[in-house]
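Residue numbering for the sequence shown follows the working numbering, starting at 730 and increasing by one per position.
Yeah, the Cβ is synthetic: ideal placement off N, Cα and C, and Gly gets one too.
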Amino acid sequence: MTTTAIEQRAYGLRRRLDLPFDQAMHRTREALKEQGFGVLTEIDLQATLKAKLGVEMEAYTILGACNPPLAHRAITAQPEVGLLLPCNVVVREAEGGTLVEAMDPEAAMSLVQDPAVHAVAVEAKERLSKALNSLTEG
Numbered sequence: 730m731t732t733t734a735i736e737q738r739a740y741g742l743r744r745r746l747d748l749p750f751d752q753a754m755h756r757t758r759e760a761l762k763e764q765g766f767g768v769l770t771e772i773d774l775q776a777t778l779k780a781k782l783g784v785e786m787e788a789y790t791i792l793g794a795c796n797p798p799l800a801h802r803a804i805t806a807q808p809e810v811g812l813l814l815p816c817n818v819v820v821r822e823a824e825g826g827t828l829v830e831a832m833d834p835e836a837a838m839s840l841v842q843d844p845a846v847h848a849v850a851v852e853a854k855e856r857l858s859k860a861l862n863s864l865t866e867g
């Protein structure tokens with residue numbers, strides 16, 4: 730399997746995989762689980778846009794990932810931070826393979842001027858980065 734390194738974007742992290750979409754979805758779920766994230770929501774954007782608008786598009790799924798201990802710490806520090814949760818992870822067909830993209834918690838949480846929330850965001854970003862990095866493993 731060929732992959733690219735994690736690419737830091739303005740508000741997210743990206744990794745390209747030479748894997749079929751379904752296999753990338755499975756590996757992404759497993760990688761998130763290894764880092765303590767559960768998937769709270771799953772939005773199949775391809776199916777939704779087909780049903781609502783009749784639009785055809787490549788496979789595109791948004792996973793709402795949550796690490797309960799991190800979420801609890803952030804909400805305890807600033808209850809309103811729930812507006813910025815969960816961490817979205819996108820798995821989508823593109824560029825002849827599959828892209829896995831995760832929101833950058835540091836970028837999202839920079840809206841909250843609180844050192845305790847910032848510390849949670851740093852840890853969440855580290856865990857999401859580890860999850861994306863692990864997608865290269867067997």
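*Tell me whether the beta-carbon of G741 lies closer than 9 angstroms to the beta-carbon of I772.*
For the purposes of this step, residue 741 is taken as the residue at position 12 of the sequence shown. For the purposes of this step, residue 772 is taken as the residue at position 43 of the sequence shown. No, Cβ-Cβ distance for G741 and I772 is not below 9 angstroms.
_Sequence-distant residues of its chain with Cβ nearer than 8 angstroms to K854 (five each side left out)_ = Taking the first residue of the sequence shown as position 1, residue 854 is located at position 125. These residues qualify, in order along the chain: L742, D833, P834, E835.
*asked:* What would DSSP say about E786, mapped onto helix, strand or coil?
replied: The count along the sequence shown starts at 1 and reaches residue 786 at position 57. For the record, residue 786 in the displayed sequence is Met; it is not Glu. M786 falls in the coil class under three-state DSSP.
*Tell me, which residues are paired with Q737 by DSSP?*
Taking the first residue of the sequence shown as position 1, residue 737 is located at position 8. Answer is L742.
_Out of I735, E787, A760, L761, which one is the CA nearest neighbour of G826?_
Within the sequence shown, the letter at position 97 stands for residue 826. It is E787.
*Reducing DSSP to helix, strand and coil, say where T865 ends up.*
The count along the sequence shown starts at 1 and reaches residue 865 at position 136. Residue state, collapsed to three classes: coil.
*Residue range of the beta strand (DSSP E) that D748 falls in?*
The residue labelled residue 748 in the question sits at position 19 within the sequence shown. Note that residue 748 corresponds to Leu in the displayed sequence, not to Asp. Counting along the chain, L748 falls outside any beta strand (DSSP E), and DSSP gives it neither H nor E.
*Alpha carbon to alpha carbon, how far is A734 from A860?*
For the purposes of this step, residue 734 is identified with residue 5 of the sequence shown, where counting begins at 1. For the purposes of this step, residue 860 is identified with residue 131 of the sequence shown, where counting begins at 1. About 12 angstroms.
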